[in-house]
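Residue numbers (this note's numbering): 1 to 303. Here a beta-carbon is modelled for each residue, glycine too, at the ideal position from N, C-alpha and C. Notes follow the structure.
Given below as structure tokens:
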């Protein structure tokens, strides 16, 4: 069984070097054939970073002009073509046993499964405790046994390339960089891939030994970023709004009503004397998510 590592990167050579360094220091199984790095958009130093690891890793660096993690991931999958593929981001460090754990799990359960491991966080500056409940798992950590979320985070999972490609691969219209403005780029590219695999009968397999640490700068666990993330989550949900819903101007009618109610609730909490800041923030997050949902639903209807 061949093993490949796929990393999509953009504009972060320093973090990429940190990630590759942690891979180089890990236990490298004999099955490892390729570490494929795909830089998307403008070239910002990924080839130079990769060149520093050629004596330690079977590394290759590619570049795609199209912006977006989805486009880079799809290019990488087509380049790899076959075998077990582990998906990392350019801002993780891995436990030494991650790759061997994925190989062992794949040998046990085979290509009709996809795999994922737990995530811990490296904070540049930890957010306040009350904000953690509003943050996505990518910014507060995840493991199978402590949450009810049953999809693997996009920077720590694995699958065989053949079924992933057969089922359509990665969508270029989802994920970071899919739109010119970050706030307009819908989330959930990897989750959407995994949902397709599950719908096709593939099983999820949790690999507890395959832990990574995700770097979260203070700007990506702030109040403003949390609201942006809620908006981006809403865009993704709106783009997947089911057929058959009664729509106004391309938007499900329930979403228009819900957006109006959320706007009134947020305004009421903002004007009400004595309302708690956490309640006002919760209203703002819901308003951001619903406004994103409307944007996402309209985006699909205009295609």
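Given residue i as reference, the closest of the options once Cα atoms are compared
{"i": "residue 173", "options": "98, 49, 202 and 74", "result": "74"}
{"i": "residue 197", "options": "234, 152, 64 and 47", "result": "152"}
{"i": "residue 84", "options": "103, 76, 68 and 17", "result": "103"}
{"i": "residue 144", "options": "127, 120, 129 and 287", "result": "120"}
{"i": "residue 236", "options": "109, 283, 248 and 289", "result": "289"}
{"i": "residue 311", "options": "23, 117 and 267", "result": "No answer is possible for residue 311: the residues shown for the chain start at 1 and end at 303."}
{"i": "residue 230", "options": "287, 199 and 142", "result": "287"}
{"i": "residue 44", "options": "247, 141, 273 and 8", "result": "8"}
{"i": "residue 154", "options": "181, 147, 146 and 116", "result": "116"}
For residue i, three-class secondary structure by DSSP
{"i": "residue 285", "result": "helix"}
{"i": "residue 187", "result": "coil"}
{"i": "residue 8", "result": "strand"}
{"i": "residue 156", "result": "strand"}
{"i": "residue 207", "result": "coil"}
{"i": "residue 250", "result": "coil"}
{"i": "residue 116", "result": "strand"}
{"i": "residue 50", "result": "helix"}
{"i": "residue 145", "result": "coil"}
{"i": "residue 32", "result": "strand"}
{"i": "residue 279", "result": "helix"}
{"i": "residue 231", "result": "helix"}
Cut-off 8 Å between Cβ atoms - residues of its own chain near residue i, not counting five sequence neighbours on either side
{"i": "residue 25", "result": "96"}
{"i": "residue 123", "result": "216, 218 and 221"}
{"i": "residue 201", "result": "112"}
Distance between beta carbons of residue j and residue i, contact taken as under 8 Å
{"i": "residue 171", "j": "residue 192", "result": "6 Å"}
{"i": "residue 33", "j": "residue 4", "result": "6 Å"}
{"i": "residue 361", "j": "residue 175", "result": "Because the chain in this structure spans residues 1 to 303, residue 361 falls outside the shown range and cannot be described."}
{"i": "residue 291", "j": "residue 279", "result": "Not quite, the Cβ-Cβ distance comes to about 19 Å (not below 8 Å), so this is no contact."}
{"i": "residue 70", "j": "residue 178", "result": "6 Å"}
{"i": "residue 253", "j": "residue 265", "result": "With 8 Å as the limit, residue 253 and residue 265 do not qualify as a contact, their Cβ atoms being about 19 Å apart."}
Spatial neighbours of residue i in its chain, beta-carbon cut-off 7 Å, leaving aside the 5 residues before and after
{"i": "residue 150", "result": "204"}
{"i": "residue 305", "result": "Outside the shown range of the chain, which is 1 to 303, sits residue 305, and nothing can be said about it."}
{"i": "residue 232", "result": "183, 185, 186, 187 and 292"}
Same chain only: Cβ atoms within 6 Å of residue i, ignoring 5 sequence neighbours per side
{"i": "residue 76", "result": "6, 36 and 38"}
{"i": "residue 21", "result": "none"}
I want to know whether the stretch 212-222 touches the stretch 180-193 - three or more CB-CB distances under 8 Å.
no
Do the stretch 200-217 and the stretch 83-100 meet, that is, are 3 or more Cβ pairs less than 8 Å apart?
yes
Is there contact between the stretch 290-302 and the stretch 230-242, where contact requires at least three CB pairs shorter than 8 Å?
yes
State whether the stretch 147-163 contacts the stretch 54-63, with contact taken as three or more CB pairs (one from each stretch) at a distance under 8 Å.
no
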